[in-house]
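Numbering-wise (numbering that gives the first Met the number 0), the sequence shown opens with residue 0 and increments by one.
Okay, structure first, notes after.
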Amino acid sequence: MANKDVSYYMNLPYTIQIKPRDDGDGLYYFAKVLELDGCMSDGKTPEEAFQNIREAMEGWLEVKLEHGDSIPEPESDDEYSGKFVVRVPKNLHRELVMKARQEGVSLNQYVLYKLSR
């Protein structure tokens, strides 16, 4: 597409993450776009945080386009197999296997659980 304007980017499936936070002044919701470094906002409710992050995205994109900066596009899950190899020290491998046995699950299931937390 030759004309990648704000509208083009706003219609892409970016990953918006919204998490509750409490900084001592009360509960609020922090939102960020994972693919757009520094694009973040917040709101009193998840819905408000979502609206605010969409507005922040527009502003973020406008500035990047104005300055001719590159803008990352979201990647498809199809680009990932779900597998990767990690080398660990033997003693850590042994420890993970033992903990997986204690939990009654495979090493793969145990590591997946730990990584997803």
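Beta carbons: idealized from backbone N, C-alpha and C, even for Gly.
(request) Return the first residue and the last residue of the beta strand (DSSP E) that Lys98 is part of. (result) Element bounds for Lys98: not the beta strand (DSSP E) but the alpha helix (DSSP H), 89-102.
(request) Could you tell me which of Tyr109, Asp24, Thr14, Lys63 sits nearest to Val5, measuring between CA atoms? (result) Of the candidates Tyr109, Asp24, Thr14, Lys63, Lys63 places its Cα closest to the Cα of Val5.
(request) Inspect the beta-carbon positions of Ile17 and Val32 and report whether they are closer than 8 angstroms. (result) no
(request) May I have the straight-line CA-CA distance separating Glu102 from Leu95, to the nearest angstrom? (result) 11 angstroms
(request) Use the C-beta contact count for Ser40: other C-beta atoms within 10 angstroms, 16 or more gives buried, fewer gives exposed. (result) buried
(request) Assess, as a yes-or-no matter, whether the segment 33-53 is touched by the segment 69-82 under the definition of 3 or more beta carbon pairs within less than 8 angstroms. (result) yes
(message) So Glu57 and Met97 are supposed to be a Cβ contact under 8 angstroms. How far apart are they, rounded?
(response) Glu57 to Met97, Cβ: 51 angstroms. No contact.
(message) Between which two residues does the alpha helix (DSSP H) holding Leu11 run?
(response) Here Leu11 belongs to no alpha helix (DSSP H), and DSSP marks it neither H nor E.
(message) Quick check on this structure: which residue in Arg20, Arg53, Gly25, Pro19 has the alpha carbon closest to the alpha carbon of Pro12?
(response) Arg53
(message) I need the boundaries of the beta strand (DSSP E) containing Ser29, first residue and last residue.
(response) Position check: residue 29 holds Phe in this sequence, whereas Ser was assumed. Taken as a continuous stretch (DSSP letters only), the beta strand (DSSP E) holding Phe29 covers 26-32.
(message) Can you tell me where the beta strand (DSSP E) holding Gly42 begins and where it ends?
(response) First-last of the beta strand (DSSP E) with Gly42: 39-42.
(request) Run the CB neighbour count on Tyr112, radius 10 Å, all protein chains shown included, and call it buried at 16 or more, exposed below. (result) exposed
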